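Enquirer:
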Amino acid sequence: MALTTQVTAAGTSSPGGEERRRLYRRILFAEQFRYALLVAPLIIYLLVFYIYPVASMLVQSVIGEDRLTLQHFGRLFETPVYWRVFMNTVWLALATTLICLALAYPLAYTMSRASPTRAAVMFALVLLPFWTSILVRSYAWMVLLGRNGIFNDWLSRAGLISEPLNLLYTPFAVYIAMVYVLLPFMILPLYSVLRSIDPSLLRAAEGLGASTQQIFFYVVAPLSKPGVAAGCLVVFILALGFYITPALMGGQRDVTLAMLVAQQLDMYEWNFAAVLASLLLFFSLVVFLIFDKMIGIERMFAR
Amino acid sequence: MTRTSVREVSGASRTGWLTRNLGSVLLELVAGLVMLFLIAPIIVIVVVSFSSANYLSFPPPGFSLRWYVDYLNQPGWVHATILSIWTAACVTVIASILGTAAAIGMVRGRLPAKRLLNACILSPLIVPGIVVAIGVYFFYVRIGLIGSPLAIIAAHSALAAPFVVLNVSATLYGFNERLEQAAQNLGATRWQTFRYITLPIIKPGIVAGALLAFVTSFDELIVALFVSGTGAVTLPRKMWDSIRFGLEPTIASVSVLTIIVSVLAFLSAELLRRRTLRMMARESGHAA
Numbered sequence: 001m002a003l004t005t006q007v008t009a010a011g012t013s014s015p016g017g018e019e020r021r022r023l024y025r026r027i028l029f030a031e032q033f034r035y036a037l038l039v040a041p042l043i044i045y046l047l048v049f050y051i052y053p054v055a056s057m058l059v060q061s062v063i064g065e066d067r068l069t070l071q072h073f074g075r076l077f078e079t080p081v082y083w084r085v086f087m088n089t090v091w092l093a094l095a096t097t098l099i100c101l102a103l104a105y106p107l108a109y110t111m112s113r114a115s116p117t118r119a120a121v122m123f124a125l126v127l128l129p130f131w132t133s134i135l136v137r138s139y140a141w142m143v144l145l146g147r148n149g150i151f152n153d154w155l156s157r158a159g160l161i162s163e164p165l166n167l168l169y170t171p172f173a174v175y176i177a178m179v180y181v182l183l184p185f186m187i188l189p190l191y192s193v194l195r196s197i198d199p200s201l202l203r204a205a206e207g208l209g210a211s212t213q214q215i216f217f218y219v220v221a222p223l224s225k226p227g228v229a230a231g232c233l234v235v236f237i238l239a240l241g242f243y244i245t246p247a248l249m250g251g252q253r254d255v256t257l258a259m260l261v262a263q264q265l266d267m268y269e270w271n272f273a274a275v276l277a278s279l280l281l282f283f284s285l286v287v288f289l290i291f292d293k294m295i296g297i298e299r300m301f302a303r
Numbered sequence: 304m305t306r307t308s309v310r311e312v313s314g315a316s317r318t319g320w321l322t323r324n325l326g327s328v329l330l331e332l333v334a335g336l337v338m339l340f341l342i343a344p345i346i347v348i349v350v351v352s353f354s355s356a357n358y359l360s361f362p363p364p365g366f367s368l369r370w371y372v373d374y375l376n377q378p379g380w381v382h383a384t385i386l387s388i389w390t391a392a393c394v395t396v397i398a399s400i401l402g403t404a405a406a407i408g409m410v411r412g413r414l415p416a417k418r419l420l421n422a423c424i425l426s427p428l429i430v431p432g433i434v435v436a437i438g439v440y441f442f443y444v445r446i447g448l449i450g451s452p453l454a455i456i457a458a459h460s461a462l463a464a465p466f467v468v469l470n471v472s473a474t475l476y477g478f479n480e481r482l483e484q485a486a487q488n489l490g491a492t493r494w495q496t497f498r499y500i501t502l503p504i505i506k507p508g509i510v511a512g513a514l515l516a517f518v519t520s521f522d523e524l525i526v527a528l529f530v531s532g533t534g535a536v537t538l539p540r541k542m543w544d545s546i547r548f549g550l551e552p553t554i555a556s557v558s559v560l561t562i563i564v565s566v567l568a569f570l571s572a573e574l575l576r577r578r579t580l581r582m583m584a585r586e587s588g589h590a591a
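Each protein sequence line maps, in turn, to chains A and B.
Everything in the first sequence is counted per our numbering, starting at 1 for the first residue and increasing by one.
Everything in the second sequence is counted per our numbering, starting at 304 for the first residue and increasing by one.
#1: Could you run through the region 388 to 414 of chain B and flag, in chain order, every residue whose CB is less than 7 Å away from some CB of chain A?
#2: Considering only the alpha carbon of each residue, which of Pro364/B, Leu330/B, Ala416/B and Tyr443/B lies closest to Val48/A?
#3: In this structure, what does DSSP give as the bridge partners for Phe366/B?
#4: For Ile63/A, list the residues DSSP reports as bridge partners.
#5: Measure the C-alpha to C-alpha separation of Val193/A and Pro184/A and round it to an integer number of angstroms.
#6: With a cut-off of 8 Å, do at least 3 Cβ pairs link the region 478 to 485 of chain B to the region 345 to 360 of chain B?
#7: Rounded to a whole number of angstroms, what is the C-alpha to C-alpha distance between Ile455/B and Leu128/A?
#8: Show which residues of chain B have a CB atom less than 9 Å away from the CB atom of Pro129/A.
#9: Please tell me whether Trp370/B and Thr579/B are closer than 8 Å, where the distance is taken between their beta carbons.
#10: If I follow the unbroken alpha helix (DSSP H) through Tyr440/B, where does it start and stop?
#11: Within 8 Å of any Cβ in chain A, is that where the Cβ of Gly379/B sits?
#12: Going along the chain, which residues of its own chain have a beta-carbon closer than 7 Å to the beta-carbon of Gly241/A, five neighbours each way excluded?
#13: Is Val470/B helix, strand or coil by DSSP?
#14: State the DSSP-derived secondary structure class of Arg253/A, mapped to helix, strand or coil.
#15: Whose C-alpha, out of Asn470/B, Pro378/B, Leu428/B and Phe569/B, is nearest the C-alpha of Ala404/B?
#16: Tell me the DSSP secondary structure of Gly335/B in three-state form.
#17: Check whether the region 246 to 263 of chain A and the region 164 to 183 of chain A touch, using three or more Cβ-Cβ pairs below 8 Å as the test.
#18: Any Cβ of chain A within less than 8 Å of the Cβ of Thr561/B?
#19: For chain B, check one thing: does any of its Cβ atoms lie closer than 8 Å to the Cβ of Ala36/A?
#20: Nearest to Val39/A by CA position, among Val381/B, Val526/B and Lys417/B, is which residue?
#21: Taking the alpha helix (DSSP H) that Gly17/A falls in, what are its first and last residues?
#22: On the criterion of 16 or more Cβ atoms from any shown chain inside 10 Å, does Trp91/A qualify as buried, or is it exposed?
#23: Which value, in whole angstroms, describes the spacing of the CA atoms of Ala568/B and Lys541/B?
#24: Give the range of the alpha helix (DSSP H) segment to which Pro189/A is assigned.
#25: Who are the near neighbours of Gly458/B in its chain, counting only those whose CB is closer than 6 Å to its CB and skipping five residues on each side?
#26: Rounding to the nearest angstrom, what Cα-Cα distance links Ile385/B and Thr537/B in this structure?
#27: Quick test of your reading: Tyr50/A and Pro427/B, contact by CB under 8 Å. State the CB separation rounded to the nearest angstrom.
#28: Would you kindly work out how many angstroms separate the C-alpha atoms of Trp154/A and Tyr374/B, rounded to a whole number?
#29: Just to make sure I have the definition right: I need the residues of chain A whose C-beta is within less than 7 Å of the C-beta of Ala584/B. Which are they?
#30: Could you tell me whether the Cβ of Ala258/A comes closer than 8 Å to any Cβ of chain B?
#31: Using a cut-off of 7 Å between C-beta atoms, extract the partners of Ala273/A located in chain B.
#32: Can you tell me whether Gly365/B is buried or exposed? The criterion is at least 16 other CB atoms within 10 Å of its CB, across all chains shown.
#33: Three Cβ pairs or more, each shorter than 8 Å: is that satisfied between the region 160 to 167 of chain A and the region 80 to 87 of chain A?
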């Protein structure tokens, strides 16, 4: 910062020597101390109401009767059910991410090439669901897919079915709603990257005789990699820990890790709930760190 | 790139044009369908909320405000709404004050372990909601705060603070510190400098952060599910309970009201952020 450099410059160049330099250093320290005092309240607040609770929950997973133990983690291997839930969660997150990418890319690409007015309208239409709460968006799909819901109403009025179809509480419902909820998280980073590609690069490629497909695969696609990575990371991490949508719309077989945590809590199995939550946290952090090594984190939070 | 040169158009039949531009046409078609997929469910909810029918039907047989009246006539819904609003208001105040101070310290100061501090502050954005929820649930059970609005306020403030920090930091990065030095050279105290120079400049960032903090709390469900007990039923919690019971159109009318609140808050925050970016661009233009 400017003030600091001014002071140090004055301090070193002055003939006054050691004592004066020490004084300046003290002033600088006082300055930094004030900044630390500004950060401290939030950090203390987070320590008390967020970090300590989560940390002690993690500790709960290794607490036995009177000593530390790994027996609660051992329960993970007692039945294959937990393994199935874990795989189900990872698979759901992975599939959601890939479907989102497949749907988001054409839309983001079209948006990035649309006229400013059209792009603005499309952008607003992407933001509207993005800004709507996850609960409301899940409810919307329940209204569409429910037994007395709108799709069944249409189908029976068209005479196509005599009995309402069971669309809700199936894997299909979970997938469609998860994709729906997470799609904007994929579109926004993709769009921001695609929009920032310099159009003169495309014109240059065209001038050199590249076909539309070649321009896409050799110019646009490689340049959009950071957006793809950012979108995939956000969607995958959010999907891993998803609770609301699968809990509302899934059947008894579509249990995810987050739902299992809640179930164990309801059964007063606190230690085991803590084990599962630690697992979920650990897994999310690993995914996050892998992506962080590949691309910077900071830009991802530009919500 | 719809590259249809004159030669191609004049020389080819209509079907020839279609095969040559099949890629572009398909692309537009897919984009249109995805757009429809994004927007249709929300339109359905809005329309259903104005339905006059007892059952879910689209398009509805007629329109009325009965589900909004129904919402207002049920004390449970009204209480939940009031609780959510004042909880979110408290969260906004706490998160804005703590977040603004922290952002100034983080951006200006050269603190030890800055990366770690930053990770702590921003971590609520990546830690899965359910993990935070059961962490604070254990904590509140131990100190006997389950079912108290205080429990929700305390937890939501931690989740909302990162948004304030991010938005205020963004305004601080584009800030010309010479303005503050000038004020101090002219004899302003630290507080006066902050009050009359710094605060007005970073105010858009604070307001944008505060708005996002408000929605974060207003729409938050997972923590509320676990800690609200029976005494502090917020609006999302009440919606959750009703949805599990049945899909009555009253929930659609409540949904529309919450959509309006979130969209207004997000939209204002977004406009503020754009204005800040424009101002910063102009500022750096002057400096250059």
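The beta carbon of each residue, even a glycine, is placed where N, CA and C say it ideally should be.
All figures in this text were calculated on a predicted structure; none of them were measured in a lab.
Expert: This is what the structure gives:
#1: With the criterion set as a beta carbon lying under 7 Å from some beta carbon of chain A, the members of the region 388 to 414 of chain B are Leu401, Gly402, Ala404, Ala405, Ile407, Gly408, Met409, Arg411, Gly412, Arg413 and Leu414, in sequence order.
#2: The shortest C-alpha separation from Val48/A is found at Tyr443/B.
#3: Within the DSSP bridge table, the entry for Phe366/B names Ser354/B as partners.
#4: Bridge partners of Ile63/A according to DSSP: Leu68/A.
#5: So the alpha carbons of these two residues sit roughly 14 Å apart.
#6: Pairwise C-beta distances place the region 478 to 485 of chain B out of contact with the region 345 to 360 of chain B, as fewer than three of them are shorter than 8 Å.
#7: Each residue's alpha carbon lies about 27 Å from the other.
#8: Contact of Pro129/A with chain B by beta-carbon distance below 9 Å involves Leu341, Ile342, Pro344 and Ile345.
#9: Contact flag unset, no.
#10: Counting along the chain, the alpha helix (DSSP H) containing Tyr440/B begins and ends at Gly432 to Ile446.
#11: Chain A contact via Cβ: absent.
#12: So the list reads Ala258, Leu280 and Ser284, once near-sequence residues are dropped.
#13: Looking at the sequence shown, residue 470/B is not Val but Asn. Helix, per DSSP.
#14: For Arg253/A, the secondary structure class from DSSP, reduced to helix, strand or coil, is coil.
#15: Comparing C-alpha distances from Ala404/B to each of Asn470/B, Pro378/B, Leu428/B and Phe569/B shows the shortest one belongs to Asn470/B.
#16: For Gly335/B, the three-state secondary structure derived from DSSP is helix.
#17: Touching, yes, given that three or more Cβ pairs across the two stretches are closer than 8 Å.
#18: Judged by the 8 Å Cβ criterion, Thr561/B is in contact with chain A.
#19: Yes, Ala36/A lies at the interface with chain B (some Cβ there is under 8 Å from its Cβ).
#20: It is Lys417/B whose Cα lies nearest to the Cα of Val39/A.
#21: Per DSSP, Gly17/A belongs to no alpha helix (DSSP H) and is neither H nor E.
#22: When all chains shown are included, Trp91/A counts as exposed.
#23: A straight-line Cα-Cα distance of about 22 Å links Ala568/B and Lys541/B.
#24: Note, Pro189/A: alpha helix (DSSP H), Pro171 to Arg195.
#25: Residue identity differs from the one stated: residue 458/B is Ala in this sequence, not Gly. Closer than 6 Å at the Cβ level, and outside the excluded window around Ala458/B, lie Val439 and Val526.
#26: Approximately 8 Å between the Cα atoms of the pair.
#27: About 7 Å separates the two Cβ atoms, so the contact holds.
#28: Cα to Cα, the separation comes out at about 27 Å.
#29: Per Cβ cutoff of 7 Å: no residues; Ala584/B is ~15 Å from chain A at best.
#30: Yes - at least one Cβ of chain B is within 8 Å of the one on Ala258/A.
#31: Per Cβ cutoff of 7 Å: Ile437.
#32: Its Cβ having fewer than 16 others within 10 Å, Gly365/B is exposed.
#33: At 8 Å Cβ cutoff, the stretches do not touch.
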